[in-house]
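Participant:
Numbering (our numbering), first residue to last: 287 to 697.
(1) How many Å lie between residue 640 and residue 519 at the Cα?
(2) Are there three or more Cβ pairs, one per stretch, closer than 8 Å when the stretch 316 to 335 is compared with the stretch 621 to 632?
(3) Could you say which of 368, 380, 409 lies nearest to residue 628 if we only look at CA atoms?
(4) Can you give me the C-alpha to C-alpha distance between residue 567 and residue 386, rounded to a whole angstrom?
(5) Taking one C-beta from the stretch 409 to 424 and one from the stretch 488 to 507 each time, how about it: are there three or more such pairs within less than 8 Å?
(6) Under the rule that 16 or more other beta-carbon atoms within 10 Å means buried, what is residue 529, buried or exposed?
(7) Taking residue 657 as the reference, give the member of 550, 526, 514 with the closest Cα.
(8) Using the three-state DSSP reduction, which class does residue 365 fall into: helix, strand or coil?
(9) State buried or exposed for residue 421, treating a residue as buried only when at least 16 other CB atoms are found within 10 Å of its CB.
(10) So what's residue 694 in DSSP terms, helix, strand or just coil?
(11) Label residue 295 either buried or exposed according to how many other C-beta atoms from any shown protein chain fall within 10 Å of its C-beta, with 16 as the threshold for buried.
(12) With the cut-off set at 8 Å, would you say residue 350 and residue 356 are in Cβ contact?
(13) Could you tell me whether the Cβ atoms of residue 611 and residue 550 are closer together than 8 Å?
(14) Quick one: give me the first and last residue of the alpha helix (DSSP H) that residue 645 is part of.
(15) Leaving out the 5 sequence neighbours to the left and right, which residues in its chain are closer than 6 Å to residue 583 when beta-carbon positions are compared?
(16) Extract the residue ranges of the alpha helix (DSSP H) inside the stretch 322 to 349, only unbroken runs of 4 or more that lie entirely within it.
(17) Check each candidate in 649, 505, 353, 312 and name the one with the smallest Cα separation from residue 334.
(18) Going by alpha carbons, who is nearest to residue 632 out of 337, 311, 347?
(19) Going by beta carbon distance, what residues of the same chain come within less than 7 Å of residue 675, once the five residues before and after it are set aside?
(20) So, for residue 564: in the same chain, excluding its five sequence neighbours on each side, which residues have a beta-carbon less than 7 Å away from its beta-carbon?
(21) Measure from the alpha carbon of residue 339 to the alpha carbon of each residue in 533, 613, 391, 432, then state which is nearest.
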């Protein structure tokens, strides 16, 4: 088996990536469906921003708890239970849309619940990668997992636009419920558990221990800070302004195609990472991260769909290459028993300001103009990405063997 795909030899990795890719397909359909569901109910850009912000805020608030639990109890059980519960909430939301009793507050409430459930399992899901493969196949696993997930999401975003146009948002969200149920079945068959088991320390003490691990690595906390600014500005550009700008100019199906092209960029970046593993990953990854400015810039300045799609592709390509190198750096430099907590701080630090950006994008863009705000977003995310290279620790971080740590419990 080629070195780039060596992780697929391992049963638990195959189950893990199948479960995450299956739910990822459904989760790519849902944002397209929800955006137009809110607009069809008479909602404005501000209403849409508040609905998306509700999900993001719930996710951030719950993430630290998910990280602590993921290092204390069965990661497998957290993932399985979260996926099953999300399947139920999506069934309810789909029925509400199909039967005509959905409201914008109900959609927002469902988003809050799903955000909490997702955050409980996400740190565990990230930390499980290292447990499903031996050390020599870790780089392959870190590159393959997002490649498979984003390939599924690429299909999901495009499918979302088609389903919403053809049969409506309710059926599209019903598909997401089915994918969550299938993911729960995959996670339930994992033979590794994760988590230390029998912890005698308090959850607050565990949280403090995880925080100290984050601040011990200057490259880690610095790039988490950069991610905070990225999501503060870019989250609303995609989730709030994108459906309006692209949908009005080129049609609703075009927005689904644009998100599918974004995922195609992710896939291309993932394919490159299967064989390209530079010694100084952040020195290479951070400049490519600045390509994320291309999508909002294209939406603001071009009236040609092919230019918008090119911007979406470059955004996805640069972000995916950076993300693979970023996750490999965390997996190689953080002890196994602290991985879930570090990933939870990564999640919180990266996304804590996103609800603010989502909620304010509509009102701010209404004042300054949608296109003008998209240009501001592009400038900010490009400048902050390249600015992180001023740190010597970012520039000189090198690949190495995973650091040792206590072995989590296995099933």
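The beta carbon of each residue, even a glycine, is placed where N, CA and C say it ideally should be.
Remember, it's a predicted structure, so these values are computed and weren't measured experimentally.
Facilitator: Let me lay it out:
(1) Translated into positions along the chain shown, residue 640 becomes position 354. Translated into positions along the chain shown, residue 519 becomes position 233. Whole-angstrom Cα-Cα distance: 8 Å.
(2) no
(3) Mapped onto the chain shown, residue 628 falls at position 342. Considering only alpha carbons, the answer is 409.
(4) Residue 567 sits at position 281 when you count from the first residue of the chain shown. Residue 386 sits at position 100 when you count from the first residue of the chain shown. Their backbone Cα atoms lie some 50 Å apart in a straight line.
(5) no
(6) The sequence position of residue 529 within the chain shown is 243, counting from 1. With 16 or more Cβ atoms within 10 Å of its Cβ, residue 529 is classed as buried.
(7) For the purposes of this step, residue 657 is identified with residue 371 of the chain shown, where counting begins at 1. Of the candidates 550, 526, 514, the one whose C-alpha sits nearest the C-alpha of residue 657 is 526.
(8) Your numbering for residue 365 matches position 79 in the chain shown. The answer is helix: DSSP assigns residue 365 an H, G or I state.
(9) One-based indexing of the chain shown puts residue 421 at position 135. Classification for residue 421: exposed.
(10) The residue labelled residue 694 in the question sits at position 408 within the chain shown. At residue 694 the pLDDT is 45, less than 50, meaning the model places this residue with poor confidence and gives no usable figure here.
(11) Here residue 295 corresponds to residue number 9 of the chain shown, with the count starting at 1. Result: exposed.
(12) Sequence index remark: in the chain shown, residue 350 carries index 64 (1-based). Sequence index remark: in the chain shown, residue 356 carries index 70 (1-based). For residue 350 and residue 356, no; Cβs fall outside 8 Å.
(13) Counted from its first residue, the chain shown places residue 611 at position 325. Counted from its first residue, the chain shown places residue 550 at position 264. Not in contact: residue 611 and residue 550 (Cβ atoms no closer than 8 Å).
(14) Here residue 645 is taken as the residue at index 359 of the chain shown, counted from 1. Per DSSP, residue 645 belongs to the alpha helix (DSSP H) from 640 to 654.
(15) Your numbering for residue 583 matches position 297 in the chain shown. Closer than 6 Å at the Cβ level, and outside the excluded window around residue 583, lie 664.
(16) none
(17) In the chain shown, residue 334 corresponds to position 48, counting from 1. Of the candidates 649, 505, 353, 312, the one whose C-alpha sits nearest the C-alpha of residue 334 is 649.
(18) For the purposes of this step, residue 632 is taken as residue 346 along the chain shown, with counting starting at 1. For the residues 337, 311, 347, the minimum Cα distance to residue 632 belongs to 347.
(19) Looking up residue 675 in the chain shown gives position 389. Closer than 7 Å at Cβ, skipping near neighbours: 572, 681.
(20) Here residue 564 refers to the residue found at position 278 of the chain shown. These residues qualify, in order along the chain: 570.
(21) Looking up residue 339 in the chain shown gives position 53. Answer by Cα proximity: 391.
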